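These protein sequence lines map, in sequence, to chains A and B. For the first sequence, the numbering used here puts the final residue at 326, and the numbers step up evenly by one. For the second sequence, the numbering used here puts the final residue at 326, and the numbers step up evenly by one. Beta carbons are placed, not taken as given, at the ideal position from N, Cα and C, and that holds for glycine. In this text the structure is predicted, and so the values were computed from the model without any measurement.
Protein chains: 2
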Amino acid sequence: MTADGAASPGLTREALAQAALRVLERDGLAGLSMRKVAAEVGVKAASLYWHVRNKEELLDLLNDALMADAVAPPRTGHWRTQFREYCLLHRRLLLDKRDAAKVVAGRLAPGPHLIALMEDQLDRLREAGFSDADAAMAAYLLAAYVQGFVLQEQSPIAAAEAAGSSRREVVDAVADRFRALPRDTYPNLVALADDLTDPDMEARFEFGLQRILDGLAALLPPDRR
Amino acid sequence: MTADGAASPGLTREALAQAALRVLERDGLAGLSMRKVAAEVGVKAASLYWHVRNKEELLDLLNDALMADAVAPPRTGHWRTQFREYCLLHRRLLLDKRDAAKVVAGRLAPGPHLIALMEDQLDRLREAGFSDADAAMAAYLLAAYVQGFVLQEQSPIAAAEAAGSSRREVVDAVADRFRALPRDTYPNLVALADDLTDPDMEARFEFGLQRILDGLAALLPPDRR
DNA sequence: CCATTGCCCCTAACGGTGTTAGGGGCTCAC
DNA sequence: GTGAGCCCCTAACACCGTTAGGGGCAATGG
Chain A
102 MTADGAASPG
112 LTREALAQAA
122 LRVLERDGLA
132 GLSMRKVAAE
142 VGVKAASLYW
152 HVRNKEELLD
162 LLNDALMADA
172 VAPPRTGHWR
182 TQFREYCLLH
192 RRLLLDKRDA
202 AKVVAGRLAP
212 GPHLIALMED
222 QLDRLREAGF
232 SDADAAMAAY
242 LLAAYVQGFV
252 LQEQSPIAAA
262 EAAGSSRREV
272 VDAVADRFRA
282 LPRDTYPNLV
292 ALADDLTDPD
302 MEARFEFGLQ
312 RILDGLAALL
322 PPDRR
Chain B
102 MTADGAASPG
112 LTREALAQAA
122 LRVLERDGLA
132 GLSMRKVAAE
142 VGVKAASLYW
152 HVRNKEELLD
162 LLNDALMADA
172 VAPPRTGHWR
182 TQFREYCLLH
192 RRLLLDKRDA
202 AKVVAGRLAP
212 GPHLIALMED
222 QLDRLREAGF
232 SDADAAMAAY
242 LLAAYVQGFV
252 LQEQSPIAAA
262 EAAGSSRREV
272 VDAVADRFRA
282 LPRDTYPNLV
292 ALADDLTDPD
302 MEARFEFGLQ
312 RILDGLAALL
322 PPDRR
């Protein structure tokens with residue numbers, strides 16, 4: 102009655118997740134409240150607790166919904182290009198939805214979609230020749246890097262949205278702060294201010310990614326690198 | 102008058118940061134409120150806004166206070182061992198204070214302590230032979246990895262503290278969930294459940310660290326690796 | 001000596017939060 | 001028809017960040 106009222110048959114946990122996704126996109130993670138999600142599905146806040154134990158569980162649903170659009174790259178070519186593509190896609194996924202990295206960050210309990218992704222990654226790593234232990238560690242390493250990177254990458258975006266400015270303005274302000282430091286005690290920060298705040302995040306992501314893939318390749322016998 | 106009342110001369114921003122640090126240690130980030138920090142310094146909540154624009158600014162102070170204990174490793178030996186030590190120390194720092202990774206995560210505006218650390222790291226990277234652009238990227242990469250790693254590492258700890266259980270119990274529960282998956286559709290997860298949930302996080306951190314350092318070393322001319 | 005200024009804290013309140021208790025219809029199965 | 005269950009409601013609790021406005025108290029300047 103309140104919203105578009107697509108809930109004729111009844112409320113699903115899936116519908117809740119979709120509503121939470123819309124609220125997240127509109128108001129960000131800080132603005133995502135039980136009351137707003139309830140309103141989004143045309144219901145009062147207390148009713149959510151019939152479908153969900155608490156907000157934490159709703160965030161688990163949201164977390165999985167974020168991963169629903171994840172796709173695996175084609176399973177062709179070198180393992181390196183496959184995993185490069187994997188990480189680029191994962192970053193893009195987290196980056197495209199507002200505050201997605203913050204939602205995912207530090208969340209225990211991977212949802213079904215993430216579990217499927219992990220399974221696929223482990224399979225490819227083992228096929229590439231990594232030992233069981235190395236495959237597990239490599240998957241963890243790549244996930245930690247992508248999450249950590251996007252989390253830092255997304256924070257100027259969030260700050261820019263909070264203030265009225267653009268992301269570029271926020272980054273430039275940081276660069277100016279570096280440049281304004283006393284040159285005699287912080288010579289490197291002053292000199293590298295431009296490099297440190299290079300707005301081409303895609304390139305910076307790729308840099309780290311290539312270093313990690315290089316490091317992983319060194320674990321394989323030379324003929325499988 | 103309420104607390105230990107060490108505030109005879111007057112309230113400092115530094116004192117606020119220390120109080121926030123104590124509240125964080127006691128109640129975690131979710132339990133850190135303006136009212137509690139105020140009570141910790143023997144004052145009412147509204148009074149904080151004389152010293153601080155809003156909670157966000159208090160968190161910036163807290164962020165810098167967390168970095169106050171950071172120490173730089175000795176500047177001797179190979180750059181690789183220096184940066185290995187750097188990252189181990191940084192992880193230890195984040196891991197030792199409750200929810201430290203969550204406080205630091207995605208925070209724009211590095212505080213003075215972090216700025217000093219970045220300066221030192223950039224200096225060592227350039228001395229090791231990295232180009233300006235590579236040094237900036239390498240520093241960013243290492244920071245993203247450590248933060249991302251500790252963020253994931255700390256989440257079972259937080260979950261264990263929220264429930265009454267130990268960290269080991271939480272991790273074991275995750276391992277059981279992996280093992281309980283249908284073996285025909287998730288063969289790798291089932292087979293690698295133990296590897297994926299290996300509780301030796303120190304070793305897992307070191308694994309990723311060595312891969313990254315390997316990758317970075319490949320950027321240097323062979324005689325400087 | 002008085003007045004003014006600026007610092008620092010207070011009380012009170014606003015609108016919002018997550019969550020629980022308890023109740024009431026509505027639809028099935030028996 | 002009647003009970004059981006599902007699903008939503010209202011009302012309330014304790015807490016949150018933040019603001020408005022006021023009061024005391026020290027130092028400063030006339």
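CA-to-CA distance, residue j to residue i, given in whole angstroms
i	j	result
A/D233	A/A131	39 Å
B/P288	A/E126	36 Å
B/V272	A/D277	44 Å
A/V138	B/R136	28 Å
B/P213	B/A281	48 Å
A/D105	A/A147	Note that A/D105 scores 37 on pLDDT, short of 50, meaning its location in the model is unreliable and no value can be drawn from it.
A/G249	A/F306	11 Å
A/L190	B/S134	37 Å
B/T103	B/K145	In this predicted model, B/T103 has a pLDDT of only 34, less than 50, meaning its place in the structure is not dependable enough to derive any value.
A/R326	A/L215	27 Å
A/A121	A/W151	16 Å
B/A116	B/L320	45 Å
B/R268	A/A166	27 Å
B/Q311	B/H179	14 Å
A/W235	A/Q183	A quick correction: the sequence has Asp, not Trp, at residue 235 of chain A. The straight-line gap from Cα to Cα measures roughly 17 Å.
B/P300	A/A140	42 Å
A/L149	A/E270	40 Å
A/A259	B/A210	13 Å
A/A304	B/P322	22 Å
A/E186	A/S266	32 Å
B/F231	B/R176	17 Å
B/Q255	A/M302	27 Å
B/K156	B/R193	26 Å
A/T113	B/A261	29 Å
A/N164	B/D324	47 Å
A/S109	B/M168	Reliability fails at A/S109, whose pLDDT of 45 lies under 50, so the model's placement of it is uncertain and no value is given.
A/F279	B/P257	36 Å
B/G111	A/D295	40 Å
A/A107	B/T286	With a pLDDT of 36 at A/A107, under the threshold of 50, the modelled position of this residue cannot be trusted, and the question is left open.
Limits of the unbroken alpha helix (DSSP H) element including residue i
i	result
B/N289	288-292
A/D161	156-168
B/T182	180-197
A/F250	233-263
A/G52	Residue 52 of chain A cannot be examined here, being either before or after the span of chain A that is shown, 102 to 326.
A/L125	114-128
B/D221	213-229
A/V275	268-280
B/V172	Here B/V172 belongs to no alpha helix (DSSP H), and DSSP marks it neither H nor E.
A/R136	135-141
B/L149	149-152
B/R202	Arg is not the amino acid found at residue 202 of chain B; the sequence shown has Ala there. Where B/A202 is concerned, the enclosing alpha helix (DSSP H) stretches over 201-205.
7 Å Cβ cutoff met for residue i and residue j
i	j	result
A/R154	A/L314	no
B/L317	B/A239	yes
A/V247	A/C188	yes
B/L196	B/V124	no
A/G129	A/R199	yes
B/L92	A/G309	No answer is possible for residue 92 of chain B: it lies beyond the span of chain B, which begins at 102 and ends at 326.
B/A237	A/L297	yes
B/L218	A/L293	no
A/V291	A/R284	yes
A/D221	A/A173	yes
A/A245	B/Q253	yes
Residue i Cβ short of 6 Å to the ligand NAP heavy atom set
i	result
A/V153	Ligands in the displayed structure: none, and consequently the ligand NAP is not present.
query = Is there contact between the region 187-205 of chain B and the region 160-173 of chain B, where contact requires at least three CB pairs shorter than 8 Å?
reply = Using a C-beta cut-off of 8 Å, the region 187-205 of chain B makes contact with the region 160-173 of chain B, since at least three inter-stretch Cβ pairs fall below that distance.
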